[in-house]
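Protein chains: 2
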Amino acid sequence: MKAVNAEIIAIGDELLYGQIMDTNSHWISQQLDQIGVRVVRKTTVGDNERDILEAFMKAEVRADIILITGGLGPTKDDLTKPLMAKYFQCEIVPNEQAIKDVETFFAKRGRELTPLNKLQGHLPSKCTYVPNERGTAPGMWFEENGAKWMSMPGVPHEMKYLMEAFVLPKIKEQFSLPVIYHKVIRTVGIGESWLADLIATWEDQLPEHIKLAYLPSLGQVKLRLTAFGEDHQQLSDEVQMEVKKVCPLIKNYIYGYDQDTLEEAVGRLLKSEGKTVSLAESCTGGYIAHLLTSIPGSSSYFNGAIVPYHNQFKESLVDVSSQTLRQYGAVSEETVAEMANGARKRFQSDYGVASSGIAGPAGGSKDKPVGTVWIAIASADGLVTRKLQLAYDRQLNIEHTATAVLNLLRKVIKKQ
Amino acid sequence: MKAVNAEIIAIGDELLYGQIMDTNSHWISQQLDQIGVRVVRKTTVGDNERDILEAFMKAEVRADIILITGGLGPTKDDLTKPLMAKYFQCEIVPNEQAIKDVETFFAKRGRELTPLNKLQGHLPSKCTYVPNERGTAPGMWFEENGAKWMSMPGVPHEMKYLMEAFVLPKIKEQFSLPVIYHKVIRTVGIGESWLADLIATWEDQLPEHIKLAYLPSLGQVKLRLTAFGEDHQQLSDEVQMEVKKVCPLIKNYIYGYDQDTLEEAVGRLLKSEGKTVSLAESCTGGYIAHLLTSIPGSSSYFNGAIVPYHNQFKESLVDVSSQTLRQYGAVSEETVAEMANGARKRFQSDYGVASSGIAGPAGGSKDKPVGTVWIAIASADGLVTRKLQLAYDRQLNIEHTATAVLNLLRKVIKKQ
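Line by line, the protein sequences give chains E and X. FYI, the UniProt record's numbering numbers position 36 of the first sequence as 36, with every residue one higher than the one before it. FYI, the UniProt record's numbering numbers position 103 of the second sequence as 103, with every residue one higher than the one before it.
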């Protein structure tokens, strides 16, 4: 079976100049991957006629499906619509339904329709109009030059709406898709090359059509197995067999699979054990609470958090003794232990979790340089504490601490 | 003066399959932009010999500088090093200094050197070895085929180290750079087309060499002015003059400029007024605390936060009365007002800020559907409350609420 190839083209000077991060291409990749479409290239070009037309031309040769984001706003710097009309040699004409939809969009929100917005209902005559419920820039679908093309606005939630409501179903309907099967094993607390050493013998015996990749990110490494073939069940069985072989070699480091996040894995563990958690966050400043509460349904195991950013509130809100703070300082094993106990007590939870450290860039000393962090977990079984010595910038120190805290909590719950 | 053009090539199947988001290209863009190098293209290709070599070939034609990330790990799926050797027709040979540096890296961390890691010290003979203090994959600089090439690992903090320590200084030394001057005006609380209407007359009189772009993101729109020329001072003066003309037209919506974030702007305001803030976050679950504490120095105005995720803790920790909760429910103007007062009192701050809502996907009712959110600010001048009716997914509802809260706080501080 012939592979179905896609290319993603993101348009906008702001993407090249680094003023906006392109999160769209990443999300689109994930969606296409899941339905067996192979993304072969991502290209980002500026608001420049020659570059955009050249990108269209090259993409057409490589790909069966070309998904374009950006350059569709009502304002003057947006070129996608006129250039698609030019590329496919057609006129831009008023589209009755599109104009009506823009009018309804504004009417519903009690806002006045501007002349600029009304022009958004004018479309290249060769396109199929795709209504955009989330905004005023319409989707445009073309079947031209032997490929399928879709132009979508760059605003992420509008693009997502158009992909889910129209593009993905349309692709499934129009193509007979080959099978790619992925399985991702997610590990935490071990580096890429140590992991590679532990599984070297297993890796060498993998069959030709199953590929392994190591995907490292801060404090975590994902192992991705990709199998290519024609039968979904067969690929899934084969990959599952390989997963069964490799897991025992690295089992203490595995926290989840596929799209799992560490915070989801911890949430699932808490839920299955019927336990609750609460936090006293100093250096992480609410970030761990944010991670845990970003999971739907987290209210069943997350009781709450206190961010006592000054010593006086470590005393008044999480019951750290003034004696401890005076004698050992805020960044110490003693303080973080009392914070964990305080968080557990104040929120009547099974696990009390705490962080206290120097995230930087200022606040370090010779004894406690920037990146010195203490973390603790209090439970009915007592206290567990760890010291981290990080060497990143403020943001990464916060994120790395959160990973370490969640991993420690995972291990405490599993009693590893 | 000839523009200096750069292309960024990101390598890795994981980027095409959507398993890792490429944040590197965005960061590199920002850095190059600041020194006047024009990024003309970003390309992402998979771990595939033909595609990688083709990307090298095309980039060489378009760009003076080609920056490559990824495909450099010690494991078997990484192709960048052998393909660069092939492309420049040279051998991979042991590099004494690189091997020594890898050994030192491991020794310092008290870890054993694996054979795989040792191979990371073998490099294409035509490259200049660039030491990587943050990891074991070395940087490689080539001056071949009329362009400068740099290969860097895909791990963000390693790539950043190599860019700052070597690549950016090297580019400044080797090229005579033209001048691009950007100014970004950051607005919040107004949509793109309304903004466009307010400034239409001004926009029409902009000189030819100053371009305007609208960059919308959730609840915010950035206006980017870009001027091209040869004299930095002259461009800066001209742009500053245009900024002076446009600002009065939209002044209530402007919260900052250039790389400012809303949380920085609010922090600066608090600092300049000598005021402090504290939070009671329910539906935002610690996210606003995280935003505020991600700013270095925030401890001078941020006192702390409480995330009372259940009603009982809204009572015990931020002093909401049980009567209010019974009568109006947790998501109500009455409750959020008491939360704001409680946060203010518990942390003895000037501003108490609160959020309570239904982030979704579950928890909605007919009267209070998912996306119903109340926010409040308490201060010595009394209470301000707002109701939001959002219609996104959980994550976006949280982010949108945070933007609305920070904007309301900004307005209350400025007494707009």
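Glycine residues also receive a C-beta, built at the ideal position from the N, C-alpha and C atoms.
Run through chain E and tell me which residues come within less than 9 Å of S217/X, C-beta to C-beta. When 9 Å is used as the limit between beta carbons, S217/X is near these residues of chain E: I20, V155 and P156, in chain order.
Counting Cβ pairs, one atom from each stretch, are 3 or more of them under 8 Å apart for the stretch 8 to 21 of chain X and the stretch 390 to 400 of chain E? Counting C-beta pairs closer than 8 Å gives fewer than three between the stretch 8 to 21 of chain X and the stretch 390 to 400 of chain E, which falls short of the contact rule.
Under a three-way DSSP split, which group does R109/E fall into? Collapsing the DSSP output to three states places R109/E in coil.
Going by beta-carbon coordinates alone, are I171/E and R38/E separated by less than 9 Å? Contact: no.
Is it buried or exposed, L218/X, if we count other Cβ atoms within 10 angstroms and call 16 or more buried? Label assigned to L218/X: exposed.
In chain order, which continuous runs of the alpha helix (DSSP H) of length 4 or greater are located wholly inside the stretch 297 to 353 of chain E? Runs found: 311 to 318, 322 to 328 and 333 to 346.
If you draw a straight line from the C-alpha of A378/X to the C-alpha of A337/X, how long is it? Straight-line Cα distance between these residues: approximately 7 Å.
Along the stretch 167 to 192 of chain X, where does the CB come closer than 9 Å to a CB of chain E? Name the residues. For the stretch 167 to 192 of chain X, the set of positions with a beta-carbon nearer than 9 Å to some beta-carbon of chain E reads I180, H182, V184, G191 and E192 in chain order.
P207/E, enclosing alpha helix (DSSP H) - first and last residue: That residue, P207/E, is in no alpha helix (DSSP H); it is neither H nor E in DSSP.
What do you get for S322/E, buried or exposed, if any count of 16 or more other CB atoms within 10 angstroms of its CB means buried? By the 16-neighbour rule on beta-carbons within 10 angstroms, S322/E is exposed.
Using 8 Å as the threshold, is the stretch 337 to 347 of chain E in touch with the stretch 299 to 307 of chain E, meaning 3 or more CB pairs across them? The stretch 337 to 347 of chain E vs the stretch 299 to 307 of chain E: in contact.
Going along the stretch 375 to 406 of chain E in order, which residues come within less than 9 Å of chain X, judged by CB to CB distance? Flagged, chain order: A391, Y392, D393, R394, Q395, L396 and I398.
Could you work out which residues of chain X lie near S299/E, taking near to mean beta carbons separated by less than 9 Å? Think of a sphere of 9 Å around the beta carbon of S299/E: the chain X residues whose beta carbon falls inside it are Y309, H310 and G363, in chain order.
Where the beta strand (DSSP E) containing E60/E begins and where it ends: Note, E60/E: premise wrong, no beta strand (DSSP E); alpha helix (DSSP H) at E49 to R62.
Which of the three DSSP states, helix, strand or coil, is assigned to L183/X? Rather than Leu, the amino acid found at residue 183/X in this sequence is Lys. Residue state, collapsed to three classes: strand.
Between L177/E and G36/E, is the Cβ-Cβ spacing less than 9 Å? The answer is yes: Cβ separation under 9 Å.
So E24/E packs on P156/E, CB below 8 Å; how close in whole Å? According to the sequence provided, residue 24/E is Asn. The question's Glu does not apply to it. Between P156/E and N24/E the Cβ distance is about 6 Å, and since that is below 8 Å, they are a contact.
9 Å Cβ cutoff, L194/E in contact with chain X: Correcting the residue identity first, residue 194/E is Trp in this sequence and not Leu. W194/E counts as touching chain X.
Alpha carbon of T201/E to alpha carbon of Q348/E, nearest angstrom: Approximately 48 Å between the Cα atoms of the pair.
Select from C127/X, V167/X and V61/X the residue whose C-alpha is nearest the C-alpha of A147/X. Checked all of C127/X, V167/X and V61/X; the closest Cα to A147/X is V61/X.
Counting only runs that start and end within the stretch 262 to 287 of chain X, where is the alpha helix (DSSP H) found for 4 or more residues in a row? Assignment of alpha helix (DSSP H) within the stretch 262 to 287 of chain X, counting only whole runs of 4 or more residues, yields 262 to 273 in chain order.
So, does the stretch 286 to 305 of chain E touch the stretch 256 to 266 of chain E, judging by three or more C-beta pairs under 8 Å? By the Cβ criterion, the stretch 286 to 305 of chain E is in contact with the stretch 256 to 266 of chain E, since at least three pairs of Cβ atoms, one from each stretch, lie closer than 8 Å.
Starting from the C-beta of P124/E, find all residues in its chain whose C-beta is less than 6 Å away, skip the five residues before and the five after it, and write them out in chain order. The answer, listed in chain order, is M84, A85, C90 and I92.
Can Q30/E and Q19/X be called in contact, C-beta distance under 9 Å? Yes. Within cutoff.
Which one of Y255/X, G229/X and K368/X has the shortest CA to CA distance from K222/X? Closest option to K222/X, judged by alpha-carbon separation, among Y255/X, G229/X and K368/X: Y255/X.
Identify the contact partners of F228/X in chain E, using a Cβ-Cβ distance below 7 Å as the criterion. In chain order: nothing, as chain E lies at least about 12 Å away.
From S236/E, Y257/E, T261/E and I8/E, residue whose alpha carbon lies closest to that of H209/E: Answer by Cα proximity: S236/E.
Measure the alpha-carbon distance for E166/E versus D22/E and round it to whole angstroms. Before going on, a small fix: residue 166/E reads as Phe here, not Glu. About 21 Å.
Does the beta carbon of Q205/E come closer than 9 Å to any beta carbon on chain X? Cβ-Cβ to chain X under 9 Å: no for Q205/E.
Take E112/X and list the residues in its own chain whose beta-carbon comes closer than 8 Å to its own, dropping the five residues that flank it on each side. Excluding sequence neighbours, E112/X sits near F106.
Between which two residues does the alpha helix (DSSP H) carrying Y87/X extend? Taken as a continuous stretch (DSSP letters only), the alpha helix (DSSP H) holding Y87/X covers T80 to Y87.
Comparing the C-beta of L16/X with each C-beta of chain E, is any distance below 9 Å? So yes, L16/X belongs to the interface.
Three-state secondary structure (DSSP) at V155/X? In the displayed model, V155/X falls within coil according to three-state DSSP, outside both helix and strand.
Name the DSSP beta bridge partners of A378/X, please? BP columns for A378/X point to G352/X and L383/X.
Identity of the residue in P361/X, I413/X and S355/X nearest D381/X by Cα: The residue from P361/X, I413/X and S355/X with its alpha-carbon nearest to that of D381/X is I413/X.
Please confirm whether L408/E and R386/E have their CB atoms less than 9 Å apart. L408/E places its beta carbon less than 9 Å from that of R386/E.
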